[in-house]
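If you read the protein sequences in the order shown, they are chains G and S.
Heads up: the first sequence begins at 231 in this note's numbering, then just goes up one per residue.
Heads up: the second sequence begins at 17 in this note's numbering, then just goes up one per residue.
Think of the CB as a built atom: it goes at the ideal place given N, C-alpha and C, for glycine as much as any other residue.
Only one structure is covered here, and it is reproduced in the block below.
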Amino acid sequence: MSLLDPILDLFRGKAVTIPPMDGALKPNTALDDGEVVAAALAPDNLAVLRGVPIYSSHREIRQLGYDHAVVGTCPADVSAIAVAEDGTLAVGLEDGSLKIGDRMVEGFNGITALAFQGNNLYVTNGSDHFRPSQWVSDLMHRNASGSVWEVDVKGGQRRKLAGGLAYANGVVVDAANNRLIVSESWRHRLSAVPLAGGNATEVLGRLPAYPGRITSAPRGYLLALFAPLNRLVEFVLQEPQYRADMMREIDSRFWIAPTLSPPHSFLEPLQNGGVRSMGVHKPWSPSRSYGLVATLDNALQPMTSYHSRANGRFHGVTSALAVDGAILATSKGGNHIISVQAGEGAS
Amino acid sequence: MMQPVIELRKMTKAYRGVPAVKDVDFTLMKGEVHALLGENGAGKSTLTKIMAGVVEATSGEILHNGQKVAFANPHEALQNGIAMVFQETSLVPSMTVAQNIYLGEERFLNRLRGIYIAAQQFLQSLNFSVDPTASVSALGAAKRQMVEIARAVHHKADVIIFDEPTATLTPEEKRHFFALMKRLKASGVSIVFITHALEEALAHADRISILRDGELIETGPAADFDRNMVVRAMVGRALTGEIYNRRREASDLRKRGRQILSVRDVSMGNMVRNNSFSIFEGQITGVFGLVGSGRTETFKIVSGIYKRDFLRGGEIEFDGRPVRYNVPVHAVRDGIVYVTEDRKLEGFFETMSIAENFYSGPLAADLTRSSVISFAEMREISAEWSRRLGVKAINDNARVVELSGGNQQKVVIGKGLAQRPKLVIFDEPTRGVDVGAIAEIHRFINQLADEGLAVVVISSYLPEVMNLSDRILVCRQGRVVEEISPVEATEEKIMFAAVH
């Protein structure tokens, strides 16, 4: 029967299925129970500069400390940050420009993540068609125009390592295996790209949420997943005409699409999946936003996870960073930076 | 002052000496909606069946409108104005709606057209949009229930008992049902309804009674209850017996192994709805859910007994391969064994010997050494599994029907395990089994997980789920809604997830 299924799917429609969140990704409330270390507008892009954690908030880059000192202000919203071992700061901006120290590198459309390795900076260009803040449009157009680039820090030359990625949204260097690990958000997977360049191959697939930035951690990696897969959204993604009508006629805030923050308007489509009973919002109900950070081992298999469930506050986690035994996470949708002790409350 | 329509005094019903209902006093007032709550096996159905004359009480008395009565059968109860609407309706599927409503009132010569017109008028008076000429077999659950209710009202029942009326209804149908209940109440009908959905009881009942282990624990106005009180009263049994006293620490739990089964958005009619979960090797996954939560159905789909929806029925991956079994034998050959909850009907060949039953397992899985029946191999297999499971019988030639419940269950388990499975699904493994055998079966299930097999235990008994499992999945309305670690699990927490 299973052999016939692909043929039958042509007539009856392919099953829309979402991988369950269980095993290492078993839901918990670790993010909601975590310590709030800062309230900030749309915090994103955690990194460590001269021993101090930094983050971006729209155009500003700030230190994570008691005074949230401004490290720098950019001409456009910051879309990616990386810090080299020698303290060089690389910043990608919403308009596609990349600044490495004092040098400007042009030619990108939407820089979503950066990672240093020696004299090279690795850059993920999310989409050739949309800016990073327009990621929902890129998803709704079902684009796969993302790419990974190598930029020579000293010379400023750039080289394309891989293209055709379905929204490259995170990158980390796996030096031991001479490869880059890249998040492909719209394919719900992590892919490996050889440092010398070549095709991207799947290393962790069937994720139940859209993967975003990935960083190194003491025993492997930290992966931020910024929105959950949702049956309704997946269904809409299979209906081109409906999507076209929706994008043409409806304000993008009210599209049936993933989002970074819980609902604020009654006009928003079925955020709660209709599962609110006697005033209680079911934590398991299907939602358009979610908070999730997963720790992966060196083989990129999930080990533990930290969640803010459908009824939680800290949704839209776009970056995570391991610092002194704790995990910092930016809830871009919840406008907070949270700290959880590694392993505490995790699945 | 409201008058009681029905009073049960010191009502007791015992099956083979085991009381299902013990000394229960219950009063139903005129025109009230009375919700009856309790865990599976708490005695709710038995109590209502006594009222409706379906079962005979062992002791106690029933007063109907102040008069002592004893109903010999449901027909007698109906003549006295007490009707029961069963979860599985008692309609004749091959007859039309009208014929079912007037069943038992046929004259010597009947004019179908006349019956249809009368039924049409009657159904319209109840505001039911059901075609009286439609065959009952073609109706959905809600409409069948409407016909059943119409039949009860037609017999001028002043007491209607609903057993799990909303378990199979869609939200829309539920709304219709509760509107109808309101209308019946307004016309002076008294209603008893059994439900597992607490919000329904709290929102629609005037009074609530809670049964536990056959005893009435609490009764009072619905306004005096909240969800937490109800859940506590439902499960607040003292955990006695050493089987269920084990305290679980994080270090006691087995680490999950490889993912062996992945169920993604599996659907089957109204019973299983977009159910998703994974099962891992080397762990016992406990599955809890109330009747109608779709837990058994889901695992019957996994093991090829039921088929998932053809259109948008989801995906099942077993051992890294997508599967869709048409018949159980394909699942058995792939290494999935389902140990049934109804052993008498589905579990064994009762007139065959223990040895033959054990041998039927590998025979079905094509695991026997030769293609013809080998009595030597049969004896060998039987001896091994009798020893491993500690089956107590005079010899292997004893017929299974002659064994005790516990030993019968061991034969069912042995028959399944002789098929060398990768995944074993136990559905209510200790239902109707004596305490001694429960401990042995539990030990054996633990041993299987220790050996690295993936084990699923579906159980309605919370202490069993909490004590056996390395992870607990809670089902509600056809899907897994919560995963709880046994370390943090409490009966209240699990029950809350299952009912709310």
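Taken in chain order, the members of the stretch 264-283 of chain S whose beta-carbon sits within less than 8 angstroms of a beta-carbon on chain G are Arg272, Gln275, Ser278, Val279, Arg280, Asp281. Beta bridge pairing from DSSP links Tyr536/G with Val523/G. In the three-state scheme derived from DSSP, where H, G and I count as helix and E and B as strand, Ala430/G is classed as coil.
Looking at the backbone, the Cα of Leu469/S and that of Glu297/S are separated by about 5 angstroms. Residue environment analysis places Arg436/S among the exposed positions, since fewer than 16 neighbouring C-beta atoms fall within 10 angstroms of its C-beta. Nearest in C-alpha terms to Leu155/S, of all of Leu200/S, Glu265/S, Leu107/S, Arg359/S, is Leu107/S. Within the same chain, and ignoring the five residues on either side of Val101/S in sequence, the residues whose Cβ sits closer than 8 angstroms to its Cβ are Gln161, Glu164, Ile165, Ala168, Ile176, Ile177, Phe178, Asp179, Pro181.
Only Arg461 from the stretch 449-472 of chain G bring a Cβ to less than 8 angstroms from some Cβ of chain S. Under the Cβ criterion (8 angstroms, minimum of three pairs), the stretch 63-74 of chain S counts as touching the stretch 83-90 of chain S. Under the Cβ distance rule, Ile411/G does not count among the residues neighbouring chain S, no pair being separated by less than 8 angstroms. Judged by their CB atoms, Thr525/G and Phe456/G are not nearer to each other than the 8 angstroms cut-off. The beta carbons of Ile352/S and Ala465/S sit about 16 angstroms from each other, so the pair does not count as a contact at 8 angstroms. In the structure shown, Asn291/S adopts extended strand secondary structure according to DSSP, grouped into three states. The residue among Ala556/G, Ala439/G, Ala447/G with its C-alpha nearest the C-alpha of Pro516/G is Ala439/G. Counting only the Cα atoms, Asp554/G lies some 20 angstroms from Asp316/G. Beta-bridge annotation (DSSP): Val401/G is paired with Val412/G. With the rule of 3 Cβ pairs closer than 8 angstroms, the stretch 468-475 of chain G does not count as touching the stretch 424-440 of chain G. In this structure, the beta-carbon distance from Ser413/G to Pro448/G does not fall below 8 angstroms.
Counting only the Cα atoms, Lys159/S lies some 42 angstroms from Lys431/S. The three-state reading of DSSP puts Pro362/G in helix, counting H, G and I together. For Phe138/S, the enclosing alpha helix (DSSP H) stretches over residues 128-141. It is roughly 42 angstroms from the alpha-carbon of Ala414/S to the alpha-carbon of Leu53/S.
For Gly253/G, the residues of chain S that pass the 8 angstroms Cβ criterion are Arg272, Gln275, Ser294, Phe296, in the order they occur in the chain. Annotation for Gln299/S: no alpha helix (DSSP H) segment contains it, and DSSP assigns it neither H nor E. Note on geometry: alpha-carbon atoms of Ser206/S and Gln19/S lie some 11 angstroms from one another.
Shown here, Asp179/S sits in a strand according to DSSP, grouped into three states. Here the C-alpha atom of Gly406/S lies approximately 8 angstroms from the C-alpha atom of Asn423/S. The stretch 395-411 of chain G makes contact with the stretch 336-353 of chain G, as at least three CB pairs between them are under 8 angstroms.
Residue range 90-95 is occupied by the alpha helix (DSSP H) that includes His91/S.
Membership of Thr62/S in the alpha helix (DSSP H) is indicated by the continuous run 60-67. The continuous alpha helix (DSSP H) containing Met245/S extends over residues 243-251.
Look at the stretch 318-344 of chain S: the residues with a C-beta under 9 angstroms from a C-beta of chain G are Phe326, Leu327, Arg328, Gly329, Gly330, Glu331, Arg337, Pro338, Val339, Arg340, Tyr341, Asn342. In the three-state reduction of the DSSP assignment, Thr314/S falls in the helix class.
Taking the beta carbon of Asn483/S as reference, no residue of chain G falls within 8 angstroms; the closest one sits roughly 20 angstroms away.
In this structure the stretch 253-262 of chain G does not lie against the stretch 288-300 of chain G, because fewer than three pairs of beta carbons, one per stretch, are closer than 8 angstroms.
As the crow flies, the alpha-carbon of Ala422/G is around 13 angstroms from that of Gly394/G.
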